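>
Protein chains in written order, with my numbering: chain A, 1443 to 1652; chain B, 1443 to 1652.
Structure representation (structure tokens):
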């Protein structure tokens, strides 16, 4: 009964994360009722995502130009704003899974090092080959740029069972490349209440009191 | 810190119904990580929604051709599959708010009349001028096509306070155009439990027992 354009829309949109059948159907009619301009504008902001580039250093996204390297001549530079920023410490790295994790960390304005975005890790602890390549890439950067171990590598996976497992595996991989390897602190979130904190969190908060 | 294409994407998507800032950010990175093909495919299914037409009879969508009228010559026919279907009863109408409501009713396969899609009604009971036009349009169809009152008009607004208010207003508008005006039955939903039904629902179920 539904016209093909709506069926096609639902087929694609219902597969996007956290958008199911019902929401994609509602979205289709919302856009249709808004009219051609809104439809075109919405299609354009999606289409324009294809112009984004992936930083060759940390694998975050950027939209800047790919430039000829100035110093050591060979190849082209394809760096995001963070990796281009000369004011950031080049001997501290944070390894994290998602671009949105990076955005959250940047918002704190408390981390002045650089990143490595790994992509979402599996729950089994098996790393995809692309993720292994990214870790090796970090090792190479440390070897080449610093010629010695990094001061610190922060493994910023989630404080969950899977995050802990993956952090252990990444730590093993990187342990020869940093003087120390750390993880984000654990405890009661600011604004949280002791009464409602789960045992594990409260235990961690006690152990890591300061 | 975010590149413009992502900012633009978030600005548009976070305003869509039930998609907030966080989900639109996640969607942007999901699509970026899926690559150009998925980005283009997703943009296309949105863009193609613009080819849909609105049925000149019931205001549901369709993608069929606009054809010359065969019988009474004047103008063009721009009808959805339902309004074109000669097997449907032409003297019973269901007035509903949303296209998705129509889809749900069609799935029951129990309604063989035709529809009028009004668009979402306000909670104040004030009807938008476009909605008033649609109601007048239905009155004209009944007058022209039937030359007499319709057998029945079902007002299928939601069984909520606002839905009831709007149903009253629509009933008043249409009362001279149908032999009877009805609403959808109320009671305990199939699979529901008496113990957990709210008072109002249970009261209605008792009143409307059969």
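Where is the CB? At the ideal position from N, CA and C, for every residue including glycine. Since this is a predicted model, take the numbers as computed values, not measurements.
1. For residue 1540(B), count neighbouring Cβ atoms within 10 angstroms of its own Cβ and tell me buried if that reaches 16, exposed if not.
2. Hey, could you find the ends of the beta strand (DSSP E) residue 1614(A) is sitting in?
3. Pick out whichever of 1470(A), 1500(A), 1497(A), 1496(A) has its Cα sitting closest to the Cα of residue 1488(B).
4. When the Cα of residue 1546(B) is compared with those of 1598(B), 1565(B), 1641(B), 1585(B), which residue comes out closest?
5. By the three-class DSSP mapping on this structure, what secondary structure does residue 1562(B) have?
6. Residue 1556(B) CB to nearest chain A CB: under 8 Å?
7. Could one say the Cβ of residue 1530(B) lies closer than 8 Å to chain A's Cβ atoms, at least one of them?
8. Assuming residue 1455(A) is part of the beta strand (DSSP E), what are its boundary residues?
9. Could you give the distance in angstroms between the alpha-carbon of residue 1458(A) and the alpha-carbon of residue 1480(B)?
10. Quick check: residue 1524(A) and residue 1491(B), are their CB atoms within less than 8 Å of each other?
11. Compare the C-alpha of residue 1625(B) against each of 1612(B), 1635(B), 1632(B) and name the closest.
12. Any C-beta of chain A within less than 7 Å: which residues of the segment 1486-1501 of chain B qualify?
13. From residue 1592(B) to residue 1534(B), what distance separates their C-alpha atoms?
14. Measuring CB to CB, does residue 1627(A) end up less than 8 Å from residue 1650(A)?
15. To the nearest angstrom, how far is it from the Cα of residue 1617(B) to the Cα of residue 1623(B)?
16. Taking DSSP as the reference, what is the three-state secondary structure of residue 1499(A)?
17. If you draw a straight line from the C-alpha of residue 1679(A) to the C-alpha of residue 1530(A), how long is it?
18. Going along the chain, which residues of its own chain have a beta-carbon closer than 8 Å to the beta-carbon of residue 1588(B), five neighbours each way excluded?
19. Considering only their Cβ atoms, is the gap separating residue 1567(B) from residue 1608(B) smaller than 8 Å?
20. Once you ignore the five residues that flank residue 1580(B) on each side, which residues in its own chain have a CB closer than 6 Å to its CB?
21. Quick one: what's residue 1572(A) bridged to in DSSP?
In brief:
1. Position 98 of the second chain, counted from the first residue, corresponds to residue 1540(B). Of the other Cβ atoms in all chains shown, 16 or more fall within 10 Å of the Cβ of residue 1540(B); this residue is therefore buried.
2. For the purposes of this step, residue 1614(A) is taken as residue 172 along the first chain, with counting starting at 1. Counting along the chain, residue 1614(A) falls outside any beta strand (DSSP E), though it belongs to the alpha helix (DSSP H) covering 1603-1616.
3. Looking up residue 1488(B) in the second chain gives position 46. Among 1470(A), 1500(A), 1497(A), 1496(A), the Cα nearest to that of residue 1488(B) is on 1470(A).
4. Start at 1 with the first residue of the second chain, and residue 1546(B) comes out as number 104. 1598(B) is the residue among 1598(B), 1565(B), 1641(B), 1585(B) whose C-alpha sits nearest the C-alpha of residue 1546(B).
5. Along the second chain, read from residue 1 onward, the residue named residue 1562(B) stands at position 120. Residue state, collapsed to three classes: coil.
6. Your numbering for residue 1556(B) matches position 114 in the second chain. Chain A contact via Cβ: absent.
7. Position 88 of the second chain, counted from the start, is the residue given in the question as residue 1530(B). Not flagged as an interface residue toward chain A: residue 1530(B), since no C-beta distance is shorter than 8 Å.
8. Along the first chain, one-based indexing puts residue 1455(A) at 13. For residue 1455(A), there is no enclosing beta strand (DSSP E); the enclosing alpha helix (DSSP H) has its first and last residue at 1446-1455.
9. In the first chain, counting from the first residue as 1, residue 1458(A) sits at position 16. In the second chain, counting from the first residue as 1, residue 1480(B) sits at position 38. Rounded to the nearest whole angstrom, the CA to CA distance from residue 1458(A) to residue 1480(B) is 11 Å.
10. For the purposes of this step, residue 1524(A) is taken as residue 82 along the first chain, with counting starting at 1. For the purposes of this step, residue 1491(B) is taken as residue 49 along the second chain, with counting starting at 1. No; because the gap between Cβ atoms is not below 8 Å, this pair is not in contact.
11. Taking the first residue of the second chain as 1, we reach residue 1625(B) at position 183. Checking every option, the nearest Cα to that of residue 1625(B) belongs to 1612(B).
12. Cβ contacts with chain A: 1487, 1488, 1489, 1490, 1491, 1492, 1493, 1494.
13. Within the second chain, the letter at position 150 stands for residue 1592(B). Within the second chain, the letter at position 92 stands for residue 1534(B). Spanning the two alpha carbons is a distance of roughly 6 Å.
14. Your numbering for residue 1627(A) matches position 185 in the first chain. Your numbering for residue 1650(A) matches position 208 in the first chain. Contact: yes.
15. Looking up residue 1617(B) in the second chain gives position 175. Looking up residue 1623(B) in the second chain gives position 181. The straight-line gap from Cα to Cα measures roughly 7 Å.
16. Sequence index remark: in the first chain, residue 1499(A) carries index 57 (1-based). Note: residue 1499(A) maps to coil in three-state DSSP.
17. Shown here, chain A extends from 1443 to 1652; a query on residue 1679(A) therefore has no answer.
18. Taking the first residue of the second chain as 1, we reach residue 1588(B) at position 146. Answer for residue 1588(B): 1532, 1533, listed in chain order.
19. Mapped onto the second chain, residue 1608(B) falls at position 166. Mapped onto the second chain, residue 1567(B) falls at position 125. Yes, these two residues count as a Cβ contact at 8 Å.
20. Residue 1580(B) sits at position 138 when you count from the first residue of the second chain. Closer than 6 Å at Cβ, skipping near neighbours: 1558.
21. Here residue 1572(A) refers to the residue found at position 130 when the first chain is read from its first residue. Residue 1572(A) is not bridged to any residue.
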